[in-house]
Amino acid sequence: MKKVIYGFDKLERYTVILAQLAIVVMMIIITVDAVSRYVFSQSIIGVYEFTERYLMIAAIFLSMSYVSKIDGHIKLDLVIDKLPVKIARSFNLIFLLLGAAFVFGIGYQGMVMTYDAWVRNIVSTGLIPWPVWLSYIWVPIGAYLFTVRLILQFINSMLNIYSKKEESETAKKEGVL
26 MKKVIYGFDK LERYTVILAQ LAIVVMMIII TVDAVSRYVF SQSIIGVYEF
76 TERYLMIAAI FLSMSYVSKI DGHIKLDLVI DKLPVKIARS FNLIFLLLGA
126 AFVFGIGYQG MVMTYDAWVR NIVSTGLIPW PVWLSYIWVP IGAYLFTVRL
176 ILQFINSMLN IYSKKEESET AKKEGVL
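Pasting the structure below:
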C-alpha cells in the first residue's frame, strides 16, 4: 500500500507542478496583454480565451487531488465536530465514497466529451480556432486523480479505524484499559 501511495503522490506532484505552471503562464500572458494594451493600444489576440478555456481549467482540475491530500477543501466541521467520534468517522467514510463516485462520474463525462471533441475535430469559436479537446482533457485527468485520492483516503481511514480497534482490544486483553 505504501508503494501505491508513494507512486500516486509522485504523480500528483507532477500534476500540481503543471497546475502551477498554468497559473504562472496565465499571470505572464495577462500582464503582457495589459501592458500591450496600455503601451501599444493593442491587445494580444486570444489571451482571454486561452486563459479562460485552457489554463484555468488545467490549474483547477490538476490541483484538486493535491488540495484534498493537504485537507484544503472547504468543509463544514460545525456539525461533524458535534457528533460522537464513531458517527463522525462513519459519515467521513460515506462522504469519501460518495465523493469518489461523484467525481468519477464527472471524469467519465469529461472523458466522453474529450474523445468526442477529438474525433470530431471540434474547434472553439472566436478569433483563434483552438482545438476544444485540449481544454476538455484536463477534466478527466484531474477528476480521475481526485477519485483515486478519495479512494486512498477511504482505505487509509478504514485501516486507521481497524488498527485503533485492534490496539484497544489488545490493550483491554492486557489489562491496560
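The opening position of the sequence shown corresponds to residue 26 in my numbering, with each subsequent residue numbered one higher.
C-beta: ideal position from N, C-alpha, C; glycine also.
Could you pull the DSSP bridge partners for residue i from this structure?
i: V203; result: This structure leaves residue 203 out entirely; the chain is present only between 26 and 202.
Excluding the 5 residues flanking residue i on each side, which residues of the same chain have their C-beta closer than 8 Å to its C-beta?
i: I42; result: none
i: F25; result: The structure shown does not extend to residue 25, since the chain is modelled only from 26 to 202, so the question has no answer here.
Leaving out five residues before and five after residue i in sequence, what residues of the same chain have Cβ atoms less than 6 Å from its Cβ?
i: I131; result: A168
i: G151; result: E74
i: P154; result: V148
What residue range is occupied by the uninterrupted alpha helix (DSSP H) comprising residue i?
i: T40; result: K27 to F65
i: K100; result: Neither: K100 is in no alpha helix (DSSP H) and is coded neither H nor E.
i: Y91; result: M81 to K94
i: E77; result: Counting along the chain, E77 falls outside any alpha helix (DSSP H), and DSSP gives it neither H nor E.
Check this for me: beta carbons of residue i and residue j, under 9 Å apart or not?
i: L87; j: T40; result: yes
i: M240; j: L170; result: An answer regarding residue 240 cannot be provided, because it is not within the stretch 26 to 202 covered by the chain.
i: E37; j: K111; result: no
i: I105; j: T76; result: no
i: Y91; j: A47; result: no
Here's a check: name, in chain order, each residue in its chain whose Cβ is nearer than 7 Å to the Cβ of residue i, leaving out the five neighbours to either side.
i: I22; result: The question about residue 22 has no answer here: the residues shown for the chain are numbered 26 through 202.
i: T172; result: A125, V128, F129 and G132
i: M136; result: P165
i: M138; result: Y161
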